[in-house]
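Per this note's numbering, numbering of the sequence shown is gapless, rising by one per residue and ending at 908.
Here a beta-carbon is modelled for each residue, glycine too, at the ideal position from N, C-alpha and C.
Below is one structure; the comments refer to it alone.
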Amino acid sequence: MTYSGFDLSGKVAFVTGASRGIGRAIALGLAECGADLFLCSRTLPDLQAVAREVRTRGRKAEVTAVDVGSVESIQAGVGAAIYLASPASDLVTGHLLMVDGGWTAQ
């Protein structure tokens, strides 16, 4: 089933916390609207299951394990997303992300 309220065809969304809960629901909702997804969370097996659900909706899904408590892990995850799913057009966080030192644009 495809949701007709929003057309996200041609968009790639980067969704954190996508393996369960709100992040999973957001990922599946974006897929219903036509977006392809780059999914990340700490739990790779659960994340791969969500990616399979996304693909059954006819959308592309790439995954990587990311621990948002680690700046190095976040940087590696973003690097993987740029390599595998570029260009991402949207970022959706399924959790709160705070980094010491304030926000910076990169």
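By the 10 Å Cβ neighbour count, where 16 or more other Cβ atoms means buried, how is residue i classified, buried or exposed?
i: I828; result: buried
i: S821; result: buried
i: D809; result: exposed
i: T858; result: exposed
i: E854; result: Note that residue 854 is Arg in the sequence shown, not Glu. So R854 ends up on the exposed side.
i: E834; result: buried
Find the nearest neighbour of residue i within the set the options, judged by alpha-carbon distance.
i: V817; options: T858, R844 and G807; result: R844
i: D869; options: E834, D809 and V880; result: V880
i: A863; options: A851, G871, E874 and V873; result: A851
i: L849; options: G825, G836 and E874; result: G825
i: V814; options: F840, L830, G831 and E834; result: F840
i: T866; options: G812, G807, G819 and A837; result: G819
i: S811; options: G823, G860 and L846; result: G860
i: V856; options: S875, G836 and L846; result: G836
I'd like the ranges of any alpha helix (DSSP H) spanning at least 4 consecutive residues and lying wholly in the segment 843-878.
846-858
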